[in-house]
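Engineer:
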Amino acid sequence: MLEIRNLHARIAEDGTEIIRGLDLHVKPGEVAAIMGPNGSGKSTLSYIIAGRDDYEVTEGDILWNGESILEMDVAERAASGIFLAFQYPMEIPGVATMEFLKVSMNAQRKARGLDPMKTPDFIRVVKENAAKLNISMDMLKRPLNVGFSGGEKKRAEILQMQLLQPLMAVMDETDSGLDIDALKVVADGVNALRGPDRAFLVITHYQRLLDYIVPDTVHVLYKGRIIHSGTRELALHLEENGYADIIAKAA
Amino acid sequence: MNMHVPRIHTAGEKALIAAIEAARATLPGNGDVMQRRDEAAGLLRAAGLPSRKVEAWHYTDLRNLLRGIPVGAGAGAGAGASEALIDGALMLRAGDDGVGRLDDVADMPEGVAVASMASAFASGAAAPLLAVASDHDAVGMVSAAMASTGFEVLVAAGAQVARPIQLDFAASAALHAVNRINIGAGAKAMLIERAHGGGMSSLVTWLSVADGADVTFVLLQDAADDALHFGRLVIEIGAQAKVLLLAVNSGGGLVRREIDVAVNGEHSDFKLRGMNLLSGRRHVDVTMVVRHRVEHTTSTELLRNVVTGEGRGVFQGQIRVAAEAQKTDARMACNTLLLSDEGEFLAKPELEIFADDVACGHGATVAEINRDHLFYLMARGVPEAEAKALLVRAFVSELLDDLEDEALHDALNDVLSSWLATH
Ligand SMILES: Nc1ncnc2c1ncn2[C@@H]1O[C@H](COP(=O)(O)OP(=O)(O)O)[C@@H](O)[C@H]1O
Ligand SMILES: [Mg+2]
Numbered sequence: 008m009l010e011i012r013n014l015h016a017r018i019a020e021d022g023t024e025i026i027r028g029l030d031l032h033v034k035p036g037e038v039a040a041i042m043g044p045n046g047s048g049k050s051t052l053s054y055i056i057a058g059r060d061d062y063e064v065t066e067g068d069i070l071w072n073g074e075s076i077l078e079m080d081v082a083e084r085a086a087s088g089i090f091l092a093f094q095y096p097m098e099i100p101g102v103a104t105m106e107f108l109k110v111s112m113n114a115q116r117k118a119r120g121l122d123p124m125k126t127p128d129f130i131r132v133v134k135e136n137a138a139k140l141n142i143s144m145d146m147l148k149r150p151l152n153v154g155f156s157g158g159e160k161k162r163a164e165i166l167q168m169q170l171l172q173p174l175m176a177v178m179d180e181t182d183s184g185l186d187i188d189a190l191k192v193v194a195d196g197v198n199a200l201r202g203p204d205r206a207f208l209v210i211t212h213y214q215r216l217l218d219y220i221v222p223d224t225v226h227v228l229y230k231g232r233i234i235h236s237g238t239r240e241l242a243l244h245l246e247e248n249g250y251a252d253i254i255a256k257a258a
Numbered sequence: 005m006n007m008h009v010p011r012i013h014t015a016g017e018k019a020l021i022a023a024i025e026a027a028r029a030t031l032p033g034n035g036d037v038m039q040r041r042d043e044a045a046g047l048l049r050a051a052g053l054p055s056r057k058v059e060a061w062h063y064t065d066l067r068n069l070l071r072g073i074p075v076g077a078g079a080g081a082g083a084g085a086s087e088a089l090i091d092g093a094l095m096l097r098a099g100d101d102g103v104g105r106l107d108d109v110a111d112m113p114e115g116v117a118v119a120s121m122a123s124a125f126a127s128g129a130a131a132p133l134l135a136v137a138s139d140h141d142a143v144g145m146v147s148a149a150m151a152s153t154g155f156e157v158l159v160a161a162g163a164q165v166a167r168p169i170q171l172d173f174a175a176s177a178a179l180h181a182v183n184r185i186n187i188g189a190g191a192k193a194m195l196i197e198r199a200h201g202g203g204m205s206s207l208v209t210w211l212s213v214a215d216g217a218d219v220t221f222v223l224l225q226d227a228a229d230d231a232l233h234f235g236r237l238v239i240e241i242g243a244q245a246k247v248l249l250l251a252v253n254s255g256g257g258l259v260r261r262e263i264d265v266a267v268n269g270e271h272s273d274f275k276l277r278g279m280n281l282l283s284g285r286r287h288v289d290v291t292m293v294v295r296h297r298v299e300h301t302t303s304t305e306l307l308r309n310v311v312t313g314e315g316r317g318v319f320q321g322q323i324r325v326a327a328e329a330q331k332t333d334a335r336m337a338c339n340t341l342l343l344s345d346e347g348e349f350l351a352k353p354e355l356e357i358f359a360d361d362v363a364c365g366h367g368a369t370v371a372e373i374n375r376d377h378l379f380y381l382m383a384r385g386v387p388e389a390e391a392k393a394l395l396v397r398a399f400v401s402e403l404l405d406d407l408e409d410e411a412l413h414d415a416l417n418d419v420l421s422s423w424l425a426t427h
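Dropping the structure here:
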């Protein structure tokens, strides 16, 4: 489904290479976890998949269902079914949350040749999903993410994911800043979306999240490369021993 | 009598003088009025148009910018259809023919009296409205020399007029109007002055707001892309009165809009909310002065400008606080969102304060679209143009969101939407 081949990428502005020959393959229905110390390039990888133009791909390719997405812009990638749950969701004053949700849902529907949603249907589906995530309608009346707590922002990201029904969700440290109850709510939201056609790339720092969202594969990202891959047990090993021995082995 | 040394005119000056001379024979007015016209024309001939050497025109070098007079759709084309900005507004329409049309005169709201300016030209009562302030007062000169239509609107003391009154000026080639609007003590009204169409136009309006009145005034200029427009609004505000002025420019080629506000009565409040949408190659200059003359008055001036293409905007905002005007509270902010490399906005806020116990401040900012915000919206599948439009709307929305009148809010939102849809 997603195939990243020998990816090299640098910061467009100053040319610093961040991703240095990264290979990764995610199959339909798979939940792949990416772990790694701070500064390894996890967020950068998620941005590059989403198409952020602060980064330049200098070598390699990203194939999405067999086709390169490097020439697609951010919105086109999203409409093709790639979703990024941000590590730090942006506060956007002046943009009403409900309007934003409607505009984004309808933009994706339009890109897929579907008619816009009718307002009552839209409101119903937002209410249903928001309730499951403990998101009040009051919160949704505010400007996008403005004044939301860290946990509220993360839950709002999951709400967007549920509404947009992507084929692949890249989740960048969705667990950070969440207490255990919120973590469960978020994990339930993700698990409800798991299915044979949908893949997840779950980026996390802690094994804790993986107790709730159980991964099929675990990959260690270090200095811009996947240095080790394994199953769920790898995450447990990292939790106990840290990254040192795996980094040493890879060196 | 002409004491000025004759000078060589630019092509633009020649065209303007020729337009004035050609119009003269058809213009209405008694001896007094015609004398004002001739004085204005004489002054223009002698002084020419102001250049950037004149401080008030520093950012709008009219002498060089005005290359000729745009012809618009042609004199015979007739006024374009003009809809009410707000449904149900009382429409006072004027086109190039100099005839002010008063719709539904039979159905006039209580306490409102309107008349065409025609009789005031004939009697000479309009002469004081044809005032030229100085030899660089281009707006005054053009208006005085050519004004041939307009309206008088009187709102009686205490009248609470629910129905908006729209003075609508649809130019096809040349339209020059003066208006006088008097709002009686304690009255409440909403007025809309719209300048649209093509060619050259000028609109000078004298608005007097008596004690305790509450006025919302919308100035909308959405003329054709090559239109030449001169506007002036002079406001006198009495005691305990409230004036909210919404000044919107979403069209025009070369536009100068002057706003002169005198806060003459204690405990009154003036608010300016300005929205300038600048695209293509338009040059729009908003030059404002607010004079706080007495104690305990407040004013806030908030402008939001959006610039794309080669659009160029100017805001000269001056707040003057007289020595007697203690306890004045005046705040001015001019914020610009720049969407292109070729566009620009020049802001010159000025405070001139002679009282010592006041709270006054001003600020001006220019920013580009926030790239993080744009990325976030696009990452949800919103195409770039649409995402930018959302962010532009967000930037301007602060200006519109605190409008209490829902119909007005929606109407101005529609102006913004249609601009966004076409630029
Ligand atoms: N736009 C950028 N400008 C400057 N440095 C960046 C930028 N993006 C990433 N980096 C740097 O690249 C490295 C990897 O960052 P990041 O992808 O955020 O790591 P992680 O998410 O694994 O903690 C860090 O050293 C970070 O400072
Ligand atoms: Mg990160």
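As they're listed, the protein sequences go chains A and B.
Counting from 1, position 204 in the first sequence corresponds to residue 211 in this note's numbering; the numbering is continuous, with no gaps.
Counting from 1, position 286 in the second sequence corresponds to residue 290 in this note's numbering; the numbering is continuous, with no gaps.
No residue lacks a Cβ here, since even glycine has one placed at the ideal position from N, Cα and C.
Just so it is clear, the structure is predicted and the values come from calculations on it, not from any experiment.
Could you tell me whether the Cβ of alanine 383/B comes closer than 8 Å to any Cβ of chain A?
Structural biologist: Interface residue, yes.
Engineer: For leucine 208/A, which residues in chain B fall below 9 Å Cβ to Cβ?
Structural biologist: None at all; the shortest Cβ gap to chain B is about 14 Å.
Engineer: I believe glycine 231/A touches isoleucine 25/A by the beta-carbon criterion, under 8 Å. Please report the beta-carbon distance rounded to the nearest angstrom.
Structural biologist: The pair is a contact, with the Cβ atoms about 5 Å apart (cut-off 8 Å).
Engineer: Under DSSP, the alpha helix (DSSP H) around threonine 51/A begins and ends at which residues?
Structural biologist: First-last of the alpha helix (DSSP H) with threonine 51/A: 49 to 57.
Engineer: In chain B, what lies closer than 8 Å to leucine 91/A by C-beta?
Structural biologist: Ordered by position in chain B, the residues that pass the 8 Å Cβ test against leucine 91/A are Ala383.
Engineer: Check the Cβ of valine 311/B against every Cβ in chain A and list those closer than 9 Å, keeping chain order.
Structural biologist: Near valine 311/B there are no residues of chain A at all, since even the closest Cβ is about 18 Å away, more than 9 Å.
Engineer: Quick check on glutamate 135/A: does DSSP put it in helix, strand or coil?
Structural biologist: Three-state result, glutamate 135/A: helix.
Engineer: Could you tell me whether any Cβ in chain A is nearer than 8 Å to the Cβ of serine 55/B?
Structural biologist: No, because no Cβ of chain A sits closer than 8 Å to the Cβ of serine 55/B.
Engineer: Once the 5 residues before and after threonine 332/B are set aside, which same chain residues still bring their CB inside 7 Å of it?
Structural biologist: Closer than 7 Å at the Cβ level, and outside the excluded window around threonine 332/B, lie His296, Thr301, Val325, Ala359, Val362, Cys364.
Engineer: Determine the chain B residues that contact leucine 9/A at a beta-carbon separation under 8 Å, and present them in chain order.
Structural biologist: By Cβ distance, chain B contributes nothing, its closest Cβ being about 16 Å from leucine 9/A, past 8 Å.
Engineer: Any C-beta of chain A sitting closer than 8 Å to the C-beta of methionine 5/B?
Structural biologist: With a pLDDT of only 48 at methionine 5/B, under 50, the local geometry of the prediction cannot be trusted, and no value is derived from it.
Engineer: State the DSSP-derived secondary structure class of glutamine 172/A, mapped to helix, strand or coil.
Structural biologist: DSSP places glutamine 172/A in coil when its eight states are reduced to three.
Engineer: Taking only three categories from DSSP, how would you classify glycine 16/B?
Structural biologist: Correct three-state label for glycine 16/B: helix.
Engineer: Are there 16 or more other CB atoms within 10 angstroms of the CB of serine 283/B, so buried, or fewer, so exposed?
Structural biologist: Buried.
Engineer: Less than 8 Å between C-beta atoms, sequence neighbours within five positions excluded: which residues of the same chain meet that for serine 86/B?
Structural biologist: The answer, listed in chain order, is Met95, Arg97, Asp172, Ala174, Arg198, His200.
Engineer: Taking the alpha-carbon positions, what's the arginine 131/A to leucine 147/A distance?
Structural biologist: Going by the C-alpha atoms only, they are around 13 Å apart.
Engineer: Got a sec: does ligand 2 put a non-hydrogen atom nearer than 7 Å to the Cβ of aspartate 179/A?
Structural biologist: Yes, the Cβ of aspartate 179/A comes within 7 Å of a heavy atom of ligand 2.
Engineer: In the segment 102 to 134 of chain A, which residues sit with their C-beta less than 7 Å from some C-beta in chain B, listed in chain order?
Structural biologist: Answer in chain order: Val102, Val110, Ser111, Ala114, Gln115, Ala118.
Engineer: Quick one, which of Ala149/B, Ile323/B, Ile357/B, Leu106/B has its alpha-carbon nearest phenylalanine 431/B's?
Structural biologist: The question about residue 431/B has no answer here: the residues shown for chain B are numbered 5 through 427.
Engineer: Specify the secondary structure class of asparagine 13/A as computed by DSSP and reduced to three states.
Structural biologist: Strand.
Engineer: Please state whether DSSP places glutamine 39/B in a helix, a strand or coil.
Structural biologist: If DSSP states are grouped into helix, strand and coil, glutamine 39/B belongs with the helices.
Engineer: Which one or two residues does DSSP pair with glutamine 170/B in a beta bridge?
Structural biologist: Answer by DSSP bridge pairing, in chain order: Met95/B, Ile196/B.
Engineer: Could you check what DSSP says for threonine 181/A in three-state terms: helix, strand or coil?
Structural biologist: It is coil, neither helix nor strand.
Engineer: Let's test the definition: count the other Cβ atoms within 10 Å of the Cβ of isoleucine 55/A and tell me whether it reaches 16, buried, or not, exposed.
Structural biologist: Burial call: buried.
Engineer: On the DSSP bridge assignment, give the partners of threonine 211/A in chain order.
Structural biologist: Paired residue(s): Met42/A.
Engineer: Run through chain A and tell me which residues come within less than 9 Å of glutamate 402/B, C-beta to C-beta.
Structural biologist: Going along chain A in sequence order, the residues near glutamate 402/B (Cβ under 9 Å) are Pro100, Gly101.
Engineer: Return the first residue and the last residue of the beta strand (DSSP E) that glycine 321/B is part of.
Structural biologist: Element bounds for glycine 321/B: 316 to 325.
Engineer: Check whether the Cβ of asparagine 45/A lies closer than 7 Å to any heavy atom of ligand 1, and answer yes or no.
Structural biologist: Yes, Cβ of asparagine 45/A sits closer than 7 Å to a heavy atom of ligand 1.
Engineer: Using DSSP with H/G/I as helix, E/B as strand and the rest coil, what is alanine 83/B?
Structural biologist: Confidence at alanine 83/B is low in this model, with a pLDDT of 48, below 50, so the placement of that residue is unreliable and no value is reported for it.
Engineer: Using a Cβ cut-off of 7 Å, pull out every chain B residue sitting near valine 81/A, in sequence order please.
Structural biologist: Result: Phe379, Met382, Ala383.
Engineer: With 16 as the cutoff for other CB atoms within 10 Å, does alanine 29/B come out buried or exposed?
Structural biologist: Alanine 29/B should be labelled exposed.
Engineer: Please determine whether the Cβ atom of lysine 49/A lies at a distance below 7 Å from any heavy atom of ligand 2.
Structural biologist: Under cutoff, so the answer is yes.
Engineer: Say the cut is 7 Å; is the CB of glutamine 170/B nearer than that to a heavy atom of ligand 2?
Structural biologist: No; taking the cut-off as 7 Å, the Cβ of glutamine 170/B has no heavy atom of ligand 2 nearer than that.
Engineer: Closer than 6 Å by C-beta to valine 177/A: which residues in its own chain qualify, once you throw out the five before and the five after it? Chain order, please.
Structural biologist: Excluding sequence neighbours, valine 177/A sits near Ser53, Ile56, Leu91, Leu208.
Engineer: Is the beta carbon of alanine 450/B less than 8 Å from the beta carbon of glycine 256/B?
Structural biologist: Outside the shown range of chain B, which is 5 to 427, sits residue 450/B, and nothing can be said about it.
Engineer: Show which residues of chain A have a CB atom less than 7 Å away from the CB atom of alanine 398/B.
Structural biologist: Under the 7 Å cutoff, chain A gives Ile99, Pro100, Gly101, Val102.
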